[in-house]
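Accompanying notes for the structure given below.
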């Protein structure tokens, strides 16, 4: 019999950052299980939740999760939901060499909440020449900055824009680890 569930990753925005919106991972997992998702796994404290659902409509799924998180944890929940296939494509289509010089650069993937597109998001991304580089992928943005000049990076200027409310950032190491976890669940 065919598997009728889809594997998803929920990337929550703004939890457990700077002492705000503190949510224990056990409570987060329980919330997703309450919504009757299966194979729920959390990864690190920044709000990464792997789960499976029979729901195929990502917008409907995201809205359901945001409503329950907002109600249960008393904050304005925002998240980006991606499928295993989408995350794999995001990793596989990263710019050439992205993530390869970790002693020299810090690498981030900026995930976008639909309907925001990479092209639209890039209009709000500012880069400082000689410090930052930003690339628009098919589903996400890729951002790198020199570690030695990280304090001069313009990434914080992006964080201050209204469009940032429809973005969430994960470093490259976390992004690739999340993909490995999803692939481990599929194996």
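In this note's numbering, the protein residues as written are 2 to 188.
All C-beta atoms, glycine included, are put in the ideal place defined by N, C-alpha and C.
Keep in mind the model is a prediction, meaning the values are calculated, not measured.
Measuring straight from C-alpha to C-alpha, what distance separates residue i and residue j?
i           : j           : result
residue 158 : residue 146 : 14 Å
residue 148 : residue 178 : 21 Å
residue 100 : residue 46  : 22 Å
residue 2   : residue 33  : Note that residue 2 scores 44 on pLDDT, short of 50, meaning its location in the model is unreliable; the coordinates nonetheless yield the value given after this. One C-alpha to the other measures close to 25 Å.
residue 153 : residue 102 : 19 Å
residue 87  : residue 115 : 13 Å
residue 59  : residue 83  : 8 Å
residue 129 : residue 160 : 15 Å
residue 140 : residue 119 : 6 Å
residue 38  : residue 168 : 24 Å
Closer than 6 Å by C-beta to residue i: which residues in its own chain qualify, once you throw out the five before and the five after it? Chain order, please.
i          : result
residue 29 : 43
Mind checking whether residue i and residue j have CB atoms under 8 Å apart?
i          : j          : result
residue 12 : residue 70 : no
With a threshold of 7 Å on Cβ separation, who are the neighbours of residue i within its own chain once the five nearest residues in sequence on each side are excluded?
i           : result
residue 96  : 136, 143
residue 183 : 8, 10, 51, 85, 88
Please return the same chain residues whose Cβ sits closer than 8 Å to the Cβ of residue i, not counting the five positions on each side in sequence.
i           : result
residue 176 : 88, 91, 92, 110
>> Taking 8 Å as the cut-off, does the segment 48-56 touch the segment 5-14 (at least 3 CB pairs, one atom from each stretch)?
In response: Short answer: they touch.
> At what residue ranges does the segment 55-141 contain a whole run of the alpha helix (DSSP H), taking only runs of 4 or more?
Replying inline: Counting only runs of 4 or more residues that sit fully inside the segment 55-141, the alpha helix (DSSP H) segments are 59-74, 85-93, 119-123, in chain order.
>> Assess contact between the segment 64-78 and the segment 104-112, defined as three or more Cβ pairs (one per stretch) separated by less than 8 Å. Is contact present?
In response: With a cut-off of 8 Å on Cβ pairs, the segment 64-78 is not in contact with the segment 104-112, counting fewer than three such pairs.
>> Please give me, in chain order, every unbroken run of the beta strand (DSSP E) with length at least 3 that falls completely inside the segment 153-186.
In response: As summarised for the segment 153-186, the continuous beta strand (DSSP E) elements at least 3 residues long and confined to that stretch are 168-172, given in chain order.
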